[in-house]
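Beneath this line is the structure, given in structure tokens, with notes to follow.
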Amino acid sequence: MLTVKNLNSGYGKLQVLYDLNIEVPEKGLTVVVGPNGAGKTTLLCSIMNIATVFSGEITFGGEPLTGVVTHKLAQKGISYVPQMGNVFAELTVLDNLHMAGYMLSKAEANDKAAQMTEIFPVLKKFIHRLAGTLSGGERRMLAIAMGLMKNPKLMLLDELSTDLAPIIAERVMVEVARMRDELGITILMVEQMARRALEIGDTAYLLVSGEVRYSGQADSLLHEPELCSMYLGIKQTAGKGGSAKLSVSDEGSENS
Amino acid sequence: MAPWMSSGLIYASGLAMTAGSITLLYIVTRTFNFAVASMATIGFIVVYTGVSLYGGLPYQYYPFVLIIGAITGVICYYGLNRPLLYRKAAETTLMMSTLGYDLILLSLIQMYSDYLTYTFKLFPRRVTMSVFDFELYGESAATFILPITAIACLTILHFFLTKTKFGIAMRATIENPTLAGASGINSDRVYLVSWIISGSMAALGGSFMAMAMTGTPVMGMVTIPLMFAGAILGGLGNIYGGILGGMVIGLTEYAGVYFLAKQFGPWILGYRMGIPLFIMAATLLVFPRGLSGIPLGKIIKNLFGQKRGASA
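Read top to bottom, the protein sequences are chains A and B. Position one of the first sequence corresponds to residue 1 (my numbering), numbered consecutively onward. Position one of the second sequence corresponds to residue 1001 (my numbering), numbered consecutively onward.
Following this line, the structure appears as structure tokens:
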């Protein structure tokens, strides 16, 4: 569905990604993991035409995306949930939902917002409250709901679990998996909480210093002890009977 | 009503509109609009042309002021601001480009003033617009009409920003342009509309100010420090703060001059612009984020809390 070919991009004159190739299959959950500064967010920003694309090709359903202005990408069915600043803090929850569904008619936006409050009941309680007053977890739920308001074909999720308590982060991950399973949405997710993301993902890419170091089945990456330990802070220890057990060696990179 | 109060209210209403115009444009496009000076003068010139050539009251020409102000805003956006914004120009570049536009507008105003003089024997270089006004309850009608118009404009702006889909989209873009773009909001349209509103507000403000001061082709140039003082006093991050800042600057100038001249003599009139600028500096020393940074809610809460505590 989404194809990234030989992408070289960055910010201004600074190059972050080098000859990147990524394939996001339809109705699947593709996970991009890697250490800090690997270029994961830059990948999403390049797709959304927020970062500078120096060369390469990005296509969505066969249609080229390079150079298409950001607000038109939303019209094409691409929904982007940034890591930071993913809600309008000075608007109410309802206004946030309506803004996320900006391209919908008033009636459609109202219906969709009502649907979102059904999916995320926590939002119903705070519908007239300013988004800036919500807790971290509630904000993340609102951000996901905003992403869903547009009836997206493809969702780009940037480190949804960052700064969340582990229990809330787990709830967010469950919602992401539900979006794929129940709504059939294609998802490209960049995540720091690597182990959990790889458990729920279908396809995975490991990004290191702007280059792809691994591509393949998501759960298979968990069985690459060297890569997991070196780049993701996941160590495999031998359990009873010789079976491999996963443990988190570096809390900072897992769910800080 | 004391004469200083009457003129002060008229002048402050105009200054509030121009300060609001500066603030709106700054928070949306990061541009300090120096062209607000000539946009304000255009407001005066349009009304003067109307009443001189076609008669009637100054107020009936305000719709034309709004339209022509909006057109000057649109020209500046497409001609200068938009190409620079898309090239990610620095704030200083954006600001200096508006200064260039202001000088172009100023030249056009001068040429138009000469045209009025040579063709229609009009003299727009020293005009007392208040002579075209009428009396209401023993005062100049502008004393009532202009503050009410300013409040009406503010109310309409508030309604637009809080109740309409596009107005809320404007606020969303102001707060987070990246997320707004990702939500499908066309920031280009938001910038254009902010230039339209800003140009209209500046021109209307200029036409208000000309009812209290001598109208000249350089009146905007003379008063621009006070327009910016109003915007800065308001905190630069809040349109309502900017409007309030302009109001405070305008009123303090007239009140300050009146009371200080009474105390120290008329020589103080030469330093009239210093009074509001001093008040601006003093206010910013106490409240660095300007008037919009004053925690009014907290102050009121504390006051009421204290009262309750005292009565208990």
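Beta carbons are placed, not taken as given, at the ideal position from N, Cα and C, and that holds for glycine. On a predicted model such as this, the values are computed, not experimentally measured, just so you know.
Run the CB neighbour count on Asp181(A), radius 10 Å, all protein chains shown included, and call it buried at 16 or more, exposed below. exposed
Would you say Phe126(A) faces chain B, with C-beta separation under 7 Å as the test? no
Looking at C-alpha atoms only, which residue of Gly1073(B), Lys1165(B), Leu1105(B) and Ile1268(B) is the closest neighbour of Ser105(A)? Lys1165(B)
Report the residues of the region 66-94 of chain A with a CB closer than 9 Å to any CB of chain B, ordered along the chain. Val69, Thr70, His71, Lys72, Leu73, Ala74, Gln75, Ile78, Ser79, Tyr80, Val81, Pro82, Gly85, Asn86, Val87, Phe88, Ala89, Glu90 and Leu91
Straight-line gap, Ala238(A) to Ile1174(B) (C-alpha atoms, nearest Å): Confidence is the limiting factor: at Ala238(A) the pLDDT is only 49, short of 50, which leaves the residue's position unreliable, though a coordinate-based value still follows. Approximately 54 Å between the Cα atoms of the pair.
Nearest-angstrom Cβ-Cβ length linking Gly1290(B) and Gly1235(B), presumed shorter than 8 Å: 3 Å
Which two residues bound the contiguous alpha helix (DSSP H) that contains Leu29(A)? Looking at the DSSP string, Leu29(A) is not in any alpha helix (DSSP H); the run it does join, the beta strand (DSSP E), is Leu29 to Val33.
Continuous alpha helix (DSSP H) stretch holding Asp219(A): start and end: Ala218 to Leu221
Distance CB(Gly1043(B))-CB(Leu1204(B)) smaller than 7 Å: yes
For Gln83(A) and Leu206(A), the rounded distance between their alpha carbons: 18 Å
So, at 7 Å on beta carbons, what are the nonlocal neighbours of Ala122(A) in its own chain, with the 5 sequence-adjacent residues on each side left out? Looking at the sequence provided, one finds Val at residue 122(A) rather than Ala. Glu138 and Met141, listed in sequence order.
Using a C-beta to C-beta distance shorter than 9 Å, which residues of chain B count as neighbours of Ile50(A)? Thr1178, Gly1181 and Ala1182
Is any heavy atom in the ligand FMN found nearer than 6 Å to the beta carbon of Pro1063(B)? The ligand FMN is not part of the structure shown, which contains no ligands of any sort.
Strand pairing of Lys60(A), partner residues [DSSP]: Note that residue 60(A) is Phe in the sequence shown here, rather than Lys. Partner(s): Leu2(A) and Glu63(A).
Tell me the DSSP secondary structure of Tyr1101(B) in three-state form. helix
Is Thr203(A) helix, strand or coil when you go by DSSP? strand
Those residues which DSSP pairs with Tyr1054(B) across a bridge: The partner list for Tyr1054(B) (beta bridge, DSSP) is empty, contrary to what the question assumes.
Output needed in chain order: residues of the region 1131-1164 of chain B with a Cβ under 7 Å from some Cβ in chain A. none
Three-state secondary structure (DSSP) of Leu164(A): coil
Using CA atoms only, rank isn't needed, just tell me which of Gly1206(B), Leu1277(B) and Gly1230(B) is closest to Ser1038(B). Gly1206(B)
Check each residue of the region 1060-1094 of chain B: if its Cβ is closer than 9 Å to any Cβ of chain A, include it; give the result in chain order. Lys1088
Mind checking the region 1230-1255 of chain B against chain A and listing, in chain order, the residues whose C-beta falls within less than 7 Å of any C-beta there? none
Is the region 1010-1025 of chain B touching the region 1223-1240 of chain B, taking contact as three or more C-beta pairs under 8 Å? yes
Between Leu164(A) and Leu1260(B), what straight-line distance do the alpha-carbon atoms span, to the nearest angstrom? 59 Å
What does Tyr102(A) touch in chain B if you count any residue whose Cβ is under 8 Å from its own? Lys1165, Ala1169, Ser1183, Gly1184 and Ile1185
Taking CB distances under 7 Å as the criterion, tell me whether Ala1282(B) reaches chain A. no
Could you check where the beta strand (DSSP E) with Asp1133(B) kicks off and where it finishes? Run containing Asp1133(B): none; DSSP gives neither H nor E here.
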